[in-house]
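Here is the structure we will look at, set down as structure tokens.
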Amino acid sequence: IAYQREQYLEHKYVKGGVKNMDVFAAIQRRRSIRKYLPKEVEEEKLKRILEAARLAPSAKNRQEWRFVVVKDRDKREELVREASPHQPFMLSAPIIIVAYTMDNSYVMKCGVPAHYIDIAIALSHIHLQAVEEGLGTCWIGSFDQDGAKRVLGLPKEAEVVQLMTLGYPAEEPPPRPRLPLEEIVRII
1337 IAYQREQYLE HKYVKGGVKN MDVFAAIQRR RSIRKYLPKE VEEEKLKRIL EAARLAPSAK
1397 NRQEWRFVVV KDRDKREELV REASPHQPFM LSAPIIIVAY TMDNSYVMKC GVPAHYIDIA
1457 IALSHIHLQA VEEGLGTCWI GSFDQDGAKR VLGLPKEAEV VQLMTLGYPA EEPPPRPRLP
1517 LEEIVRII
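Read the sequence shown against our numbering and you will find it ends at 1524, with the numbers running on by one and no gaps.
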């Protein structure tokens, strides 16, 4: 354990060996992007983004999430046509990430299936790391699960939870209105 801690403390991300963004700044800058530049995402950026998801916490460290990174233009077209035809903007993104699970069995004591929360946490990591990398994303919750599974060749028992577009933004949407903190938080 001591060795692992030393490795962690020496890691380039912890020591600041790469550019680091204030997390709060990334949260403030993030937007849902629906227009993308026709530019490929560099492999090293994509790898860091996916690594951010891999490092996300999960209930009982179950790590139920699985991801399909769809880069192929024909496959993206088929995915949008079969799973989300009402959202053609998705085709402008060079990548669509499909988040799914093969294990939706664990229900937390509060009664909520853990995989929904765990996948949302992992996708939040993807979203914020994408901002750090100068990229944009858009969460896609309106899709046909069976269509997505069919296009991607996922087994019947897979549960597709979320889609997410990823790429270089071709737009800078203004901030959306947010409720005041006093309206959403109660401190007792």
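No residue lacks a Cβ here, since even glycine has one placed at the ideal position from N, Cα and C.
On a predicted model such as this, the values are computed, not experimentally measured, just so you know.
- In whole angstroms, what separates the C-alpha of C1446 from that of I1453? In the sequence shown, counting from the first residue as 1, residue 1446 sits at position 110. In the sequence shown, counting from the first residue as 1, residue 1453 sits at position 117. Approximately 12 Å, taken between the alpha carbons.
- Task: Taking only heavy atoms of the ligand ATP into account, decide whether any of them is closer than 6 Å to the Cβ of C1474.
- Result: Looking for the ligand ATP in the displayed structure turns up nothing, as the structure carries no ligands at all.
- Query: Should the region 1515-1524 be called in touch with the region 1457-1476, which here means at least 3 C-beta pairs below 8 Å?
  - Reply: The region 1515-1524 makes no contact with the region 1457-1476, as fewer than three CB pairs between them are under 8 Å.
- Message: Quick check: what's the CA-CA separation for G1353 versus E1380?
- Response: Start at 1 with the first residue of the sequence shown, and residue 1353 comes out as number 17. Start at 1 with the first residue of the sequence shown, and residue 1380 comes out as number 44. Low confidence applies here, because G1353 scores a pLDDT of 46, under 50, leaving its location unreliable; read the following figure in that light. Whole-angstrom Cα-Cα distance: 15 Å.
- Item | DSSP state of Y1452 mapped onto helix, strand, coil | Taking the sequence shown and counting its residues from 1, the one referred to as residue 1452 is at position 116. DSSP places Y1452 in the helix class (H, G or I) of the three-state scheme.
- Query: Which ranges does the alpha helix (DSSP H) cover as unbroken runs of at least 4 residues, wholly within the region 1418-1503, from first to last along the chain?
  - Reply: Restricted to the region 1418-1503, the alpha helix (DSSP H) segments that are unbroken, complete and at least 4 residues in length are 1450-1468, 1481-1488, listed in chain order.
- Measure the beta-carbon distance from Q1498 to G1477 and round it to whole angstroms, keeping in mind my assumption that it falls under 8 Å. Taking the sequence shown and counting its residues from 1, the one referred to as residue 1498 is at position 162. Taking the sequence shown and counting its residues from 1, the one referred to as residue 1477 is at position 141. That belief holds up - the Cβ atoms of Q1498 and G1477 are roughly 6 Å apart, short of 8 Å.
- Task: Measure the C-alpha to C-alpha separation of A1450 and A1389 and round it to an integer number of angstroms.
- Result: Along the sequence shown, one-based indexing puts residue 1450 at 114. Along the sequence shown, one-based indexing puts residue 1389 at 53. Roughly 16 Å between the two C-alpha positions.
- Item | DSSP state of R1402 mapped onto helix, strand, coil | Start at 1 with the first residue of the sequence shown, and residue 1402 comes out as number 66. R1402 falls in the strand class under three-state DSSP.
- Output the distance between the C-alpha atoms of I1524 and P1505, rounded to the nearest integer angstrom. Taking the first residue of the sequence shown as position 1, residue 1524 is located at position 188. Taking the first residue of the sequence shown as position 1, residue 1505 is located at position 169. The straight-line gap from Cα to Cα measures roughly 41 Å.
- Item | DSSP beta-bridge partners of P1516 | Start at 1 with the first residue of the sequence shown, and residue 1516 comes out as number 180. Secondary-structure assignment with DSSP links P1516 through no beta bridge to anything.
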